[in-house]
Every structure is written in structure tokens, then in C-alpha cells.
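For the sequence shown, this note's numbering gives the first residue as 68, with consecutive numbering after it. Beta carbons are placed, not taken as given, at the ideal position from N, Cα and C, and that holds for glycine. The structure under discussion appears below in the form of C-alpha cells.
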Amino acid sequence: MSQPDFASDAIRDHVEMIHRLADGLDGVLVVSAFNAALPKDKGVVTHHRPGDVEGMIAAIEAHRDTPHMNVYCGLQVMRRGLARGQRGGEKDIVAVLGLVADIDADTGNNAGECPLPPDYAIETSPGNMQPFWLFDRPVASATAKDIAKRLKAVTGSDHGTGDITHVWRVPGTLNWPN
Numbered sequence: 068m069s070q071p072d073f074a075s076d077a078i079r080d081h082v083e084m085i086h087r088l089a090d091g092l093d094g095v096l097v098v099s100a101f102n103a104a105l106p107k108d109k110g111v112v113t114h115h116r117p118g119d120v121e122g123m124i125a126a127i128e129a130h131r132d133t134p135h136m137n138v139y140c141g142l143q144v145m146r147r148g149l150a151r152g153q154r155g156g157e158k159d160i161v162a163v164l165g166l167v168a169d170i171d172a173d174t175g176n177n178a179g180e181c182p183l184p185p186d187y188a189i190e191t192s193p194g195n196m197q198p199f200w201l202f203d204r205p206v207a208s209a210t211a212k213d214i215a216k217r218l219k220a221v222t223g224s225d226h227g228t229g230d231i232t233h234v235w236r237v238p239g240t241l242n243w244p245n
């Protein structure tokens, strides 16, 4: 009997959740993988339409065990038609699916408190975490940006918290510091 693959299960659960939240939206979900050992790495960026769960999982799994590769995806749906290899920017956001706080105890960026219990959290390294708050329905970028700025202020977290275009580590993948 084979052992359960908890990393693959975590990846699948995360991807399925994002696709459920993005259901019915006309756009793409973006996966980005960057090599932390290469300072000017442009990374590998793939686009996935809502519903393409297996394609997105394959893109993540392709880099899951690659030394120094950090794999990320955001909680935003970007417009279709992004150029190949591009993540997109704020002007490309179709909708935001939730927000994340980047709370790093080792840098002192955890002075505040979580305003509400998160839907779930990822421990990125000992003492460092990323709590996720998912929206009941997709939110316009202007609304999400206002909430993100307030979330950053109340949590005392890193700059990525206030950036609605930020990408976040995928559960089940390794954290390779640069």
C-alpha cells in the first residue's frame, strides 16, 4: 500500500478552491515559478482558465521538487489575452478572490493581529505564516485594494499584504529563500 502524498493533496485542495472561487469568471489564473538561486530569473509563468484544475496542478507539480524553485499563484483572476510568460498587473485584474497577510516573525512584521480568523493559513517557515481570507464572491480590484491596505495596517505585515497583484506560495511546495 502506498503512502499518502500530503504535498500533492495540499496542492490539489488549494487549486480546486481557487477554481471554485473563480467559477464563471472570464479570465485566467496564473502560476509563477521562480528560481531563488538565479537573481534575474524571469521564471516560468502559465495561464489557466477557470475550470482547468488539472492543467494548473500539472504546472505546479512540474516545479514542486525542483531545487531552488518557488511556486506561486495569486488570488486574482487576470484578463484573458495576457502575453505569454506575463503575470499581469493591477490593470489586468478581472476580480480578486481573497486576500493574504504575509506575517514574518523573523523580520518583525507581525506586530498586529488578525482582524478575523483566517479561512486557512500556510506556515512558510518556522514562525512565519500567510493567513488567507477568501471572499464570498469575487470582488472588484478597487474594493479589494482598499481592504488590502487596511489588512496590512491592522496586521503589521509585509508589503505584499497590501498588494492585490501579489502572488503567494502554493501549499505543498517548498520555500527556497533567496
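In the DSSP assignment, what are the bridge partners of residue i?
| i | result |
| --- | --- |
| Leu-166 | Trp-200 |
| Ser-264 | As shown, the chain starts at 68 and ends at 245. That puts residue 264 outside it, with no answer to give. |
| Ala-100 | Val-111, Val-138 |
| Ile-189 | Gln-197 |
| Met-145 | Val-95, Ile-160 |
| Val-206 | Val-163 |
Measuring alpha carbon to alpha carbon, tell me which of the options ends up nearest residue i.
| i | options | result |
| --- | --- | --- |
| Ile-124 | Ile-231, Val-82, Ala-215 | Val-82 |
| His-114 | Thr-240, Leu-149, Lys-107 | Leu-149 |
| Asp-90 | Met-145, Pro-193, Gly-194, Pro-117 | Pro-117 |
| Arg-236 | Asp-119, Asp-169, Tyr-139, Val-95 | Tyr-139 |
| Ala-168 | Ala-209, Ala-207, Ile-160, Thr-232 | Thr-232 |
| Arg-204 | Ala-77, Ala-103, Met-84 | Met-84 |
| Gly-155 | Met-145, Ala-104, Val-163, Asp-230 | Met-145 |
| Ile-170 | Leu-201, Lys-219, Thr-210, Asp-159 | Lys-219 |
| Ile-127 | Pro-238, Asp-213, Lys-158, Pro-244 | Pro-238 |
| Pro-193 | Asn-242, Asn-102, Pro-106 | Asn-242 |
| Asn-137 | Ala-162, Asp-108, Ile-214 | Asp-108 |
| Val-163 | Gly-229, Arg-217, Phe-202, Asp-76 | Phe-202 |
| Lys-158 | Leu-88, Asp-80, Asp-230, Ala-77 | Asp-230 |
| Val-226 | Ser-75, Gln-197, Asp-80 | In the sequence as presented, Val is not what sits at residue 226; that position holds His. When only C-alpha atoms are compared, the closest one is Gln-197. |
| Gln-153 | Arg-79, Ala-215, Phe-101 | Phe-101 |
| Leu-92 | Val-206, Arg-79, Phe-73 | Val-206 |
Where does residue i fall in DSSP's three states?
| i | result |
| --- | --- |
| Arg-236 | strand |
| Met-68 | With a pLDDT of 46 at Met-68, under the threshold of 50, the predicted position of this residue should be treated as unreliable, and no value is reported. |
| Pro-117 | coil |
| Ala-129 | helix |
| Trp-160 | According to the sequence shown, residue 160 is Ile rather than Trp. It is a strand residue. |
| Asp-213 | helix |
| Ile-80 | The residue you asked about is not Ile; residue 80 is Asp in the sequence shown. Asp-80 falls in the helix class under three-state DSSP. |
| Ala-89 | helix |
| Leu-218 | helix |
| Met-123 | helix |
| Gly-155 | coil |
| Gly-223 | coil |
Assuming residue i and residue j form a contact by the criterion Cβ under 8 Å, report the distance between their Cβ atoms to the nearest whole angstrom.
| i | j | result |
| --- | --- | --- |
| Arg-208 | Ile-160 | With the sequence shown as reference, residue 208 is identified as Ser, and Arg is not the correct amino acid for it. Rounded, the Cβ-Cβ distance is 4 Å, consistent with contact. |
| Val-95 | Arg-151 | Going by Cβ atoms, the distance from Val-95 to Arg-151 rounds to 12 Å, so no, they are not a contact pair. |
| His-86 | Val-120 | 5 Å |
| Leu-142 | Gly-122 | Leu-142 to Gly-122, Cβ: 18 Å. No contact. |
| Asp-103 | Asn-195 | Before going on, a small fix: residue 103 reads as Ala here, not Asp. Not quite, the Cβ-Cβ distance comes to about 15 Å (not below 8 Å), so this is no contact. |
| Thr-222 | Cys-181 | 6 Å |
**Request:** Report yes or no: do three or more beta-carbon pairs, one from the segment 128 to 139 and one from the segment 181 to 188, lie closer than 8 Å?
**Result:** no
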